[in-house]
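Peer 1: Submitted below is the structure of interest, expressed as structure tokens.
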Amino acid sequence: MTTAPPQEIARKLGSGLLSFPVTHLRADGSFDEAAYRDNIAWLGQYDASGLFAAGGTGEFFSLTPAEVEQVVTAAVQEAPDGLPVIAPAGYGTATAVEMARAAERAGASGILLLPPYLTEASQQGLVDHVRQVCAATDLGVVIYSRANAAYSESAVAELADRCPNLIGFKDGIGNIEQMTRIYAGVGDRLIYVGGLPTAEMFALPYLALGVTTYSSAIYNFLPEFATDFYRALRRGDNAFVVNALNEFVIPYCDLRNRKPGYAVSIVKAGMKVIGRPAGPVRSPLTDLDETELAELADLVKKVSR
């Protein structure tokens with residue numbers, strides 16, 4: 001467990017690749033805590049700079065708040081010393097506040113604030129939402145700009161000014177102009193995290209916008225490939241990056257795009273391919289079929305060490 005001031009956690013998160021582990025489930029859909037703990041220990045052998053428990057890849061949207069706290073607690077207890085564990089918060093403001101407080105009880109190092117559930121909101125509404133969550137915790141907060149929570153540059157600037165423990169902005173929209181406006185206005189006050197599925201597809205153009213890190217779902221089942229890709233990106237080895245895109249990432253994304261929700265399902269399929277199964281996805285998601293699973297296995301073989 002890493003307990004440190006928010007800005008120190010921010011520096012750690014911004015220094016390397018971020019891991020977003022899946023949440024292990026049994027065949028009946030219940031949380032398989034023993035398998036999850038084993039997997040967190042396995043992932044801890046590799047060189048991630050932060051572990052985001054029960055995030056989007058971890059099926060946050062399918063878990064109850066009590067299950068989220070259970071997952072986060074397990075991750076905190078199993079993660080190696082020095083690796084920050086970031087917990088999710090989301091849904092309405094009152095629920096998000098409760099989840100942020102639960103994250104503190106579990107010993108998390110920070111909060112990833114996901115979009116509010118279902119309803120659209122004005123920019124002022126989003127600002128009020130974030131401010132209340134930030135005020136409810138001493139932990140550093142990263143906001144996730146995606147879907148019905150698309151933050152404007154003025155909203156981000158206001159939040160950065162008024163919320164001392166706001167430490168990061170995660171982009172899940174992919175609007176280059178908007179990212180440029182936000183980075184130009186706020187600069188190094190925040191860390192910037194690439195959060196589009198699949199993040200490796202956007203890593204090269206986003207690096208120039210101050211997005212020094214991203215959430216790698218591929219890291220779940222190909223940690224060495226994902227780490228090699230990130231290191232090549234940061235050292236400016238564009239030839240390696242482009243070759244890796246063509247060899248694996250682009251065909252992987254083509255397979256991912258077959259059905260809605262496969263951005264999560266394909267990661268659990270990857271775990272099955274490498275012999276570390278994490279169980280099924282919960283509805284309303286659906287698992288890959290056997291033909292798609294075989295296609296993924298062929299792709300994984302190409303880049304496995």
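Mapping the sequence shown onto the numbering used here, position 214 (from 1) lands on 214, and the numbers just tick up by one. C-beta: ideal position from N, C-alpha, C; glycine also.
Give the range of the beta strand (DSSP E) segment to which residue 277 is assigned.
Peer 2: Translated into the one-based positions of the sequence shown, residue 277 becomes position 277. Unbroken run through residue 277: none, as it is neither H nor E.
Peer 1: Quick check: residue 63 and residue 280, are their CB atoms within less than 8 Å of each other?
Peer 2: In the sequence shown, residue 63 corresponds to position 63, counting from 1. In the sequence shown, residue 280 corresponds to position 280, counting from 1. For residue 63 and residue 280, no; Cβs fall outside 8 Å.
Peer 1: Distance check for residue 111 and residue 66, CA to CA, integer angstroms please.
Peer 2: Locating residue 66 in the sequence shown gives position 66, counting from the first residue. Locating residue 111 in the sequence shown gives position 111, counting from the first residue. Between residue 66 and residue 111, the C-alpha separation is close to 16 Å.
Peer 1: Check whether the Cβ atoms of residue 306 and residue 153 lie closer than 8 Å to each other.
Peer 2: With the chain covering only 1 through 305, there is no way to say anything about residue 306.
Peer 1: Going by C-alpha distance, which of 155, 156, 294, 140 is nearest residue 164?
Peer 2: On the sequence shown, residue 164 is found 164 positions in, with the first residue counted as 1. Nearest C-alpha to residue 164: 140.
Peer 1: Are the CB atoms of residue 306 and residue 197 nearer to each other than 8 Å?
Peer 2: This structure does not reach residue 306, given that the chain is present from 1 up to 305, and the question cannot be answered.
Peer 1: Along the chain, where does the beta strand (DSSP E) containing residue 213 start, and where does it finish?
Peer 2: To locate residue 213, count along the sequence shown from 1; it is residue 213. Element bounds for residue 213: 213 to 216.
Peer 1: Is the CB-CB distance between residue 23 and residue 71 below 8 Å?
Peer 2: Counting from 1 along the sequence shown, the entry for residue 23 is found at position 23. Counting from 1 along the sequence shown, the entry for residue 71 is found at position 71. It is a contact, given that the beta carbons lie within the stated cut-off.
Peer 1: How many whole angstroms separate the CB atoms of residue 324 and residue 219, which I take to be in contact at a CB cut-off of 8 Å?
Peer 2: Absent from the model: residue 324. The displayed extent of the chain is 1 to 305, so no value can be given.
Peer 1: Using only the alpha-carbon positions, how far apart do residue 297 and residue 49 sit?
Peer 2: Within the sequence shown, the letter at position 297 stands for residue 297. Within the sequence shown, the letter at position 49 stands for residue 49. Approximately 27 Å between the Cα atoms of the pair.
Peer 1: Along the chain, where does the alpha helix (DSSP H) that runs through residue 225 open and close?
Peer 2: Here residue 225 corresponds to residue number 225 of the sequence shown, with the count starting at 1. Counting along the chain, the alpha helix (DSSP H) containing residue 225 begins and ends at 223 to 234.
Peer 1: Could you tell me if residue 51 is buried or exposed, where buried requires 16 or more neighbouring beta carbons within 10 angstroms of its beta carbon?
Peer 2: What you label residue 51 is simply residue 51 of the sequence shown in a count that begins at 1. Buried: at least 16 other Cβ atoms inside 10 Å.
Peer 1: Nearest CA to the CA of residue 258: which residue from 129, 293, 156, 20?
Peer 2: Reading the sequence shown from its first residue, position 258 is the one you call residue 258. Nearest option by C-alpha distance: 293.
Peer 1: In its own chain, which residues sit with a C-beta less than 6 Å from the C-beta of residue 35, not counting the 5 before and 5 after it?
Peer 2: On the sequence shown, position 35 is the one that residue 35 refers to. 24.
Peer 1: What separation, rounded to the nearest whole angstrom, lies between the Cα atoms of residue 251 and residue 304?
Peer 2: In the sequence shown, the residue the question calls residue 251 occupies position 251. In the sequence shown, the residue the question calls residue 304 occupies position 304. Going from the Cα of residue 251 to the Cα of residue 304 covers about 15 Å.
Peer 1: For the region 113 to 182, which segments carrying the alpha helix (DSSP H) assignment without a break, of at least 4 residues, lie completely within its bounds, in sequence order?
Peer 2: Segments of the alpha helix (DSSP H) lying fully in the region 113 to 182: 123 to 135, 153 to 162.
Peer 1: Curious, which full-length alpha helix (DSSP H) runs of at least 4 residues does the region 44 to 114 contain?
Peer 2: Here the runs fully enclosed are 65 to 78, 93 to 106.
Peer 1: Which residue from 124, 155, 236, 222 puts its Cα closest to that of residue 212?
Peer 2: The sequence position of residue 212 within the sequence shown is 212, counting from 1. That would be 236, whose Cα lies nearest to the Cα of residue 212.
Peer 1: In terms of DSSP beta bridges, what is residue 299 paired with?
Peer 2: Walking along the sequence shown from the start, residue 299 turns up at place 299. The partner list for residue 299 (beta bridge, DSSP) is empty, contrary to what the question assumes.
Peer 1: In terms of residue numbering, what span does the alpha helix (DSSP H) encompassing residue 206 cover?
Peer 2: In the sequence shown, the residue the question calls residue 206 occupies position 206. Unbroken alpha helix (DSSP H) run through residue 206: 203 to 207.
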